[in-house]
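Novice: Here it is, the structure in full.
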Amino acid sequence: MGKLIYNSSPRELEIDDRVLAHLRVAILSKLRRSESFAMTWEHGLERGSGRTTFWLHESIPLQFIFSGNRQPTLNRLWVEDLLLTANSAGGLHFVPEPEQDAPFDGD
Numbered sequence: 001m002g003k004l005i006y007n008s009s010p011r012e013l014e015i016d017d018r019v020l021a022h023l024r025v026a027i028l029s030k031l032r033r034s035e036s037f038a039m040t041w042e043h044g045l046e047r048g049s050g051r052t053t054f055w056l057h058e059s060i061p062l063q064f065i066f067s068g069n070r071q072p073t074l075n076r077l078w079v080e081d082l083l084l085t086a087n088s089a090g091g092l093h094f095v096p097e098p099e100q101d102a103p104f105d106g107d
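Right, dumping it as structure tokens:
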């Protein structure tokens, strides 16, 4: 499990490394274009349920911490689906991984 740490908050979101790798590409794509957006993450039943929403902005520190040392093969369709949610009024949120059509290097 990796971690997403936003700003200097002591709260960390634990996220599977594969999911985190795809979120990283989507989030950095938006922030590189100076596009602020909301991101909502559901905590899950194992964490007492509930959800957290962040307003992501390029000027606020953001860390992606991976527990593994291997970069997963990225699914381009999944990154595109995540970006579609980020561009919606509801903001970026988890969507299941679609079937992969071709590997994607994230650049």
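Take the sequence shown: its letters are residues 1 to 107, numbered as in this note's numbering. Idealized CB from N, CA, C, for every residue including glycine. Nothing here was measured: the structure is a model prediction, and the numbers come from that model.
Please return the same chain residues whose Cβ sits closer than 8 angstroms to the Cβ of Asp16, not counting the five positions on each side in sequence.
Specialist: Here residue 16 refers to the residue found at position 16 of the sequence shown. Excluding sequence neighbours, Asp16 sits near Met1 and Gly2.
Novice: Kindly confirm or deny that the stretch 68-80 and the stretch 3-12 touch, where touching means at least three C-beta pairs closer than 8 angstroms.
Specialist: In short, these stretches do not touch, since the Cβ pair count stays below three.
Novice: Have a look at Val19, Ser9, Glu14 and Leu13 and flag the residue whose alpha-carbon is nearest the alpha-carbon of Arg76.
Specialist: In the sequence shown, the residue the question calls residue 76 occupies position 76. Residue Val19 is the option with its Cα nearest to Arg76.
Novice: With the cut-off set at 8 angstroms, would you say Pro74 and Val95 are in Cβ contact?
Specialist: Locating residue 74 in the sequence shown gives position 74, where the first residue counts as 1. Locating residue 95 in the sequence shown gives position 95, where the first residue counts as 1. It should be noted that the sequence gives Leu, not Pro, for residue 74. Taking 8 angstroms as the Cβ cut-off, Leu74 and Val95 do not qualify as a contacting pair.
Novice: Return yes when the Cβ of Ala21 is within less than 8 angstroms of the Cβ of Gly91, no when it is not.
Specialist: Sequence index remark: in the sequence shown, residue 91 carries index 91 (1-based). Sequence index remark: in the sequence shown, residue 21 carries index 21 (1-based). Their beta carbons are not under 8 angstroms apart, which means Gly91 does not touch Ala21 by this criterion.
Novice: Below 8 angstroms between beta carbons: does that hold for His93 and Thr52?
Specialist: Sequence index remark: in the sequence shown, residue 93 carries index 93 (1-based). Sequence index remark: in the sequence shown, residue 52 carries index 52 (1-based). No, the Cβ-Cβ distance between His93 and Thr52 is not below 8 angstroms.
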